[in-house]
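With this note's numbering as the guide, the letters of the sequence shown map in order to residues -17 to 321.
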Amino acid sequence: MNSKMRWVVLTGFLIGALLISGLALAAEDKKAAKKEPAVAKEAKGVNAATVNGVGITEAEVQKETDRFKRQATAAGQQISPDQMKELRKEVLDSLVSREVVYQESQRRGLKASEKEIDEKIGDLKKGFPSEAEYQAVLQRMNVTEAELRKQVSRQLAMKKLIDQTIAPEVTVTDAEVKKYYDEHPEDFKMPEQVRASHILKKADAKASEADKAKAKKELTDLQQRLKKGEDFAELAKQSSDCPSAPRGGDLGFFPRGQMVPAFEEKAFALKPGELSDIVETQFGYHLIKVTDKKAPGTLTFEESKDRVAQYLKQEKTTDQVSKFIDGLKSKADVKISAQ
């Protein structure tokens, strides 16, 4: 693991991007408590490190190492034994870093209010189709609302520290933005893109022939209503089985290679305003309406400058977070156990 990846792991957590993974880690802790063998139970109480007397257990290190290993495997990457050792070192370093930041946030009296925690959990819930689906996920992961709130509270306290001590000091000039734009032309080339909305009636590979026929019949009925002039977005909101339903089925702009082949082929063949016939994919049956298209080209500086400024600010913030944490570590009593 290189230094870039190290700080992506760390600062992503500090800035709050890993809220979901924090939930997953809490779930893993509870599952491990139920299923781990006697040897693992013994390791659970063994500290891999202490930070000002607060222990970071071997079990915590192993769980997070395993999580990154699973992510790499899912992405088709193989990790050698030597790379696993390096990964474990980086994970332990990240956990130590998180702990010194959290302790510093507590030393400064930075805490999340109940309202802030509620808002953050509300944002998390928006990623689920319904409250029932959200609760089902919590139940499957064996995580209580109280445990989730604790995770969120801790992360928000750390984010406040970063926001108050580092973010105000990071600035990006117009000259820096223009320089990056001029020196990285490949970053601003855009392929052909299409903006499409769709109505999905689910019927995956596990669906029976009767269920498939029912889904197709429902979509055929919707197709007839659209041909009679009913509004596509309203029908999508009422009838689509896709998470895009609340947006009227809008999927935004996408280039080739992002959607499944059958869907992509039809979307790129349509003209803006045109409605497709019924399209079958592994997800079920779709009606697709193209609302806009963009020809391939290069983004202008005006179109790009805000995103470039945001990127450069993030890069500078990452660097400053690294230095800030190094400073906290140098003052902390950090003890790493012998391996």
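Note that beta-carbon positions come from the ideal geometry of N, C-alpha and C, so glycine has one too.
Going by DSSP, residue 278 is part of no alpha helix (DSSP H) at all; its letter is neither H nor E.
The shortest C-alpha to C-alpha distance from residue 136 to any of 113, 172, 93, 149 is the one to 93. For residue 142, same chain residues with a beta-carbon under 7 angstroms away, outside a window of 5 residues either side, are 87, 92 in chain order.
Under DSSP, no beta-bridge partner is assigned to residue 52. Straight-line spacing of the CA atoms in residue 280 and residue 163 works out to 11 angstroms. In the displayed model, residue 177 falls within a strand according to three-state DSSP. Residue 38 places its beta carbon less than 8 angstroms from that of residue 78. By the Cβ rule, the stretch 205 to 216 counts as touching the stretch 260 to 272, because three or more pairs are nearer than 8 angstroms.
If you look at residue 92, you'll find it isn't in any beta strand (DSSP E); DSSP assigns it neither H nor E. Residue 262 carries a strand assignment under DSSP once its states are collapsed to helix, strand and coil. Distance from the CA of residue 178 to the CA of residue 191, rounded to the nearest whole angstrom, comes to 28 angstroms. In the DSSP annotation of this structure, residue 223 is not part of any alpha helix (DSSP H), being labelled neither H nor E.
About 5 angstroms separates the beta carbons of residue 174 and residue 278, which is inside the 8 angstroms limit, making them a contact pair.
Distance between residue 220 and residue 230, taken at the CA atoms: about 9 angstroms. Contact check for residue 224 against residue 257 fails: the beta carbons are separated by 8 angstroms or more. Residue pairing by DSSP puts residue 31 in a beta bridge opposite 38, 318. The count of Cβ pairs closer than 8 angstroms, one atom from the stretch 157 to 171 and one from the stretch 286 to 294, reaches three, so the stretches are in contact.
Shown here, residue 237 sits in a strand according to DSSP, grouped into three states.
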